[in-house]
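Contents: one structure, followed by commentary.
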Amino acid sequence: MGKINVLDKAVAEKIAAGEVVERPSSVVKELVENSFDAQATSVTVEIEHGGTSYIRVTDNGVGIMPEDVSVAFLRHATSKIKDEGDLEGISTLGFRGEALCSVSAVSRTEMLTRTANNDMGVYMVVEGGETKENRTAGCPLGTTVTVRNLFFNTPARMKFLKKDATEAAYITDICQRAALSHPEISFRYIRDGRDIFFTPGDNQLRNTVRAVFGKDISQAMLDVEEKTGIYSIKGLTGSNKLSRPNRNMQYFFVN
Ligand SMILES: Nc1ncnc2c1ncn2[C@@H]1O[C@H](COP(=O)(O)OP(=O)(O)OP(=O)(O)O)[C@@H](O)[C@H]1O
Ligand SMILES: [Mg+2]
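Each position in the sequence shown, counted from 1, maps to that position plus 506 in this note's numbering.
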């Protein structure tokens, strides 16, 4: 008898999920990217216990049509590309159609979503890859995804998580980057019930920096702007008052 086995679907799904979701901050990154791709102008991230027990991302984006909600949880299901040609011109952060499927394979994932064309939204719950609920529900425009008990069914992943404070620090970093890269989006980050930062979303980078890093830092920064034929660069840089011996707090975003 040969030695090579085709893995059953449940095992294969867990392995595939592990490629996308390494730790709680990966979940936050994927959910926030989905909110940004949905043209949200306001995004709130709430976490508890370093994101291991609770992560919630709320946006006021376009929402998902009722008939699409369960499809969104399938692997390789995406509204962002249709065919191979589209890979040449991607303008969204996501395109693989893997994030929701992976997140919901290793947690209890609840989604509440509504589009502008529907009076009622949909509430869907997927736990460990199995649909537990899918029904009509009243909700505001946009999407809220709540992820509980991450890695409840993958003990090996769970074991490699660090202390809650360390996992929370990874999430803080993701949220800071997300907020700084999109000064036009109002971004709120709440950790264990405490407001950590709340950006105004007025498209003024200096105001975003002030919300994220405080008044002293934002005031001591200098504007940078330069254009060549092909490239343009725009942002803020520290004056000599803010110099640091390492590359911490340097953020670059391309496109
Ligand atoms: N917050 C959201 N608002 C509106 N639509 C969403 C939201 N989150 C997910 N979707 C829809 O669900 C689909 C699946 O999401 P998912 O994150 O799994 O895949 P993706 O974003 O297309 O690609 P990737 O796996 O690279 O993130 C998206 O293509 C999008 O249509
Ligand atoms: Mg995505």
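For every residue, glycine included, the Cβ atom is placed at its ideal position computed from N, Cα and C.
Item	Value
Just the C-alpha distance for Asn-540 and Gly-508, rounded to the nearest angstrom, thanks.	43 Å
Does the beta-carbon distance from Gly-707 to Glu-732 come in below 9 Å?	no
Could you tell me which uninterrupted alpha helix (DSSP H) segments, each at least 4 residues in length, are contained entirely in the segment 532 to 585, listed from first to last along the chain?	572 to 578
Between the Cα of Val-628 and those of Asn-511, Pro-572, Ser-692, spot the shortest distance and give me the residue it belongs to.	Pro-572
Out of Asn-752, Leu-593, Leu-656, state which residue places its alpha-carbon closest to the alpha-carbon of Glu-528.	Leu-656
What residues match up with Leu-599 in a beta bridge as DSSP calls it?	Answer is none; Leu-599 lacks a bridge partner.
Give the straight-line distance between the Cα atoms of Phe-666 and Val-534, rounded to the nearest whole angstrom.	18 Å
Taking Thr-745 as the reference, give the member of Asn-752, Gln-725, Thr-652 with the closest Cα.	In the sequence as displayed, the identity of residue 745 is Ser instead of Thr. The shortest Cα separation from Ser-745 among Asn-752, Gln-725, Thr-652 belongs to Gln-725.
I believe Met-617 touches Thr-660 by the beta-carbon criterion, under 8 Å. Please report the beta-carbon distance rounded to the nearest angstrom.	Met-617 to Thr-660, Cβ: 21 Å. No contact.
For Thr-471, which of helix, strand or coil comes out of DSSP?	Outside the displayed range of the chain (507 to 761) lies residue 471, so it cannot be described from this structure.
Return helix, strand or coil for Ala-611, following the three-state DSSP convention.	helix
Beta carbon of Ala-611, beta carbon of Ala-522: below 9 Å?	yes
Return the first residue and the last residue of the alpha helix (DSSP H) that Met-664 is part of.	661 to 665
Examine ligand 1 and report whether any of its heavy atoms sits within less than 8 Å of the Cβ of Leu-537.	yes
Would the C-beta of Ala-522 count as close to ligand 2, meaning under 8 Å from any of its heavy atoms?	no
Using a threshold of 9 Å, state whether the C-beta atoms of Leu-742 and Val-760 are closer than that.	no
Here's a check: name, in chain order, each residue in its chain whose Cβ is nearer than 7 Å to the Cβ of Val-609, leaving out the five neighbours to either side.	Val-527, Val-533, Glu-536, Thr-615, Val-653
Under a three-way DSSP split, which group does Leu-686 fall into?	helix
Thinking C-beta only, is Gln-682 closer than 9 Å to Tyr-757?	yes
What's the gap between the Cα of Arg-750 and the Cα of Arg-620?	46 Å
For the candidate residues Val-568, Asp-514, Ala-518, whose alpha-carbon lies nearest to that of Pro-646?	Val-568
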